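A short worksheet on the structure shown next.
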Amino acid sequence: PAAKKVHVLCGPGNNGGDGYVVARLLAEAGVDVALWISGEPRRGSDAALAAGDCRAKRGPLSAFQPEPGSLVVDALYGAGLSKPLAGDAAKAVQAVTELNLTVVAVDLPSGISGESGDILGTAFRAAVTVTFARKKPGHLLLPGRERCGDIVLAEIGIRDEIIDEVAPRTFENRPGLWIASFPVPAINAHKYKRGHASVFSGGPSATGAARLSALAAARSGAGAVTVLSPANAMQVNAAHLTSIMLRKVDAIEDMHDLIGDRRPSAFVLGPGFGIGDKARDFTLAVLSRKRQDGGVEGLVLDADGITSFRNAASTLFEAAGKPDAPALIMTPHEGEFGRLFADIAADKALSKLAKARAAAQRSNAVIVYKGADSVIASPDGRAAINSNGAPWLATAGSGDVLAGVIVGLLAQGMPPFEAACSGVWIHAEAGSRFGPGLIAEDLPLAMLPVLRELTQSTAR
């Protein structure tokens, strides 16, 4: 209501068609509207029909000169843009940016790739983006996400059944994606029925990361959690553990004995463990176990565990690809991703989503490509983009907690892709709700209200 004038910028396609409708409705409501055109719609198209119905005064985009205090409706280009903005469109972005005008975007701010979220040359920064039927990757992947402002998902008659027929393989990571498999203990459950997770610890000066993972696994619902400690770190770990069990594991034989005695169903290896042969040997030993008949269900490989395979990636991928091997979930940040998938990371033609998918297919693993816009990708082609992260999670030990949440859910029988998606969302939601001052030690307790709400929602 405070806008002195509304400038509607229309491209030649369907986004422009939406712009003509907006301009017509605003003019009919008595708003001072100016319409600026970049190319005429194709004759007979819906956009051309909308243009014919619109009587608002119009001019070429080249003549667009907004005044301070005006509002801009960006209906130039939508999610299908594939080349950088140039010419009059780029000049329009510059003019709007210099005056710091409020922008409402149709579908996506012009200049944002709907596929990758990349800025193609230059782009508007919207206060509100109205999109249709479903969000696109560009709404969720950075830097596009921060250019969208508030996203309004408008219903335009594309029913859920039609989306189902398309059989999408890319999703926004929200509880509806995985809540059906979220573990809730039965009334007669005992601790081992709720899953047993084990976390490999580093040496005496590097035990904290494993304990963070172990505590997060317990908080996420695993009935039993064991820290697997080298002998020289047993006293350090024992001094800090209460409900979490402790077991000496110095050699591969110790690990096999543990599996025979206690039957843990899922492992974490990497947090504070150290880089080298020992990490590789233990990883391959876990992956050599059979998944059938109550065997090991999965391994979450994080941090030092990932980096240890930088020169032996094919060995890891081959082990994970065997038919009866436990599921492998890897949780690399950008640097670790580049160490294991150097060529994929260096390919500038690939979006973060495409990189995660390529890595998952190559490695036979679920990939959690971490960041403010974490992508979770499965070898079967499914992928989810996380959108509820917060900067407070960028703190030492946060990734160790994430690995623990995922392994706790995996130990309870959640399928690997769903466990990874759920763990990422819960971890991010807890961090977002906690807010400033968050440290990794806060996260397991911060998860409690999130877990409570998820559990209650499964009972409805």
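For any residue, its number in the working numbering is found by taking its place in the sequence shown, counting from 1, and adding 187.
By construction, the Cβ of each residue, glycine as well, lies at the ideal position given by its N, Cα and C atoms.
None of these values were measured; they are calculated from a predicted model.
Item	Value
Contact defined as beta carbons within less than 8 Å: I believe residue 314 pairs with residue 289. What is the distance between those atoms, to the nearest angstrom?	5 Å
Among 559, 282 and 453, which one has its Cα closest to the Cα of residue 382?	453
Kindly give me the distance between the Cβ atoms of residue 609 and residue 365, rounded to whole angstroms, as I take these residues to be in contact under 8 Å.	5 Å
Given residue 503, which residues of its chain have a CB within under 6 Å of its CB, disregarding the five upstream and five downstream residues?	496
Can you round the beta-carbon distance between residue 357 and residue 340 to whole angstroms, since I take them to be within the 8 Å contact cut?	That pair is no contact at about 16 Å.
At which residues does the alpha helix (DSSP H) containing residue 351 begin and terminate?	347 to 353
Could you tell me the distance, in whole angstroms, from the CA atom of residue 482 to the CA atom of residue 445?	12 Å
Quick check on the DSSP output: what are the complete alpha helix (DSSP H) runs of length 4 or more inside the region 445 to 506, in order along the chain?	464 to 474 and 491 to 494
Counting Cβ pairs closer than 8 Å, one from the region 582 to 591 and one from the region 396 to 411, do we hit at least three?	yes
Determine which residues share a DSSP beta bridge with residue 571 and list them.	358 and 563
Since I believe residue 527 is in contact with residue 506 (beta carbons under 8 Å), could you give me their beta-carbon distance rounded to a whole number of angstroms?	Rounded, the Cβ-Cβ distance is 14 Å, inconsistent with contact.
At 3 residues or longer, and completely inside the region 388 to 416: list those beta strand (DSSP E) runs for me, N to C.	411 to 416
DSSP three-state call for residue 232: helix, strand or coil?	coil
Taking just the CA atoms, how far does residue 432 sit from residue 489?	21 Å
Might you give, ordered along the chain, the residues of its own chain that have their beta carbon closer than 7 Å to the beta carbon of residue 494, omitting 5 neighbours on each side?	462, 523 and 526
What is the residue span of the beta strand (DSSP E) that residue 194 lies within?	193 to 197
Can you tell which of 614, 395 and 449 has its C-alpha closest to the C-alpha of residue 411?	449
Measuring only the C-alpha atoms, how far is residue 297 from residue 265?	6 Å
Determine the contact status of residue 469 and residue 389, defining contact as a CB-CB distance below 7 Å.	no
Quick one: what does DSSP say residue 544 is sitting in, helix, strand or coil?	helix
Applying the 10 Å Cβ sphere with the 16-neighbour rule, what's the burial state of residue 345?	exposed
Around the C-beta of residue 599, are 16 or more other C-beta atoms found within 10 angstroms, so that it is buried, or is it exposed?	buried
How long is the line joining the alpha carbons of residue 429 and residue 476, rounded to whole angstroms?	29 Å
If I follow the unbroken alpha helix (DSSP H) through residue 273, where does it start and stop?	From DSSP, residue 273 is part of no alpha helix (DSSP H); its letter is neither H nor E.
Output needed for residue 308: all residues of its chain with C-beta closer than 6 Å, excluding positions within five of it in sequence on either side, in chain order.	271 and 272
Anyone know if the C-beta pair for residue 545 and residue 531 falls short of 7 Å?	yes
Using a Cβ-Cβ cutoff of less than 8 Å, which residues in the same chain neighbour residue 219 once the five nearest sequence positions on both sides are dropped?	191, 192 and 193
Please work out which residues of its chain come closer than 8 Å, Cβ to Cβ, to residue 534, disregarding the five sequence neighbours upstream and downstream, and give them in chain order.	542
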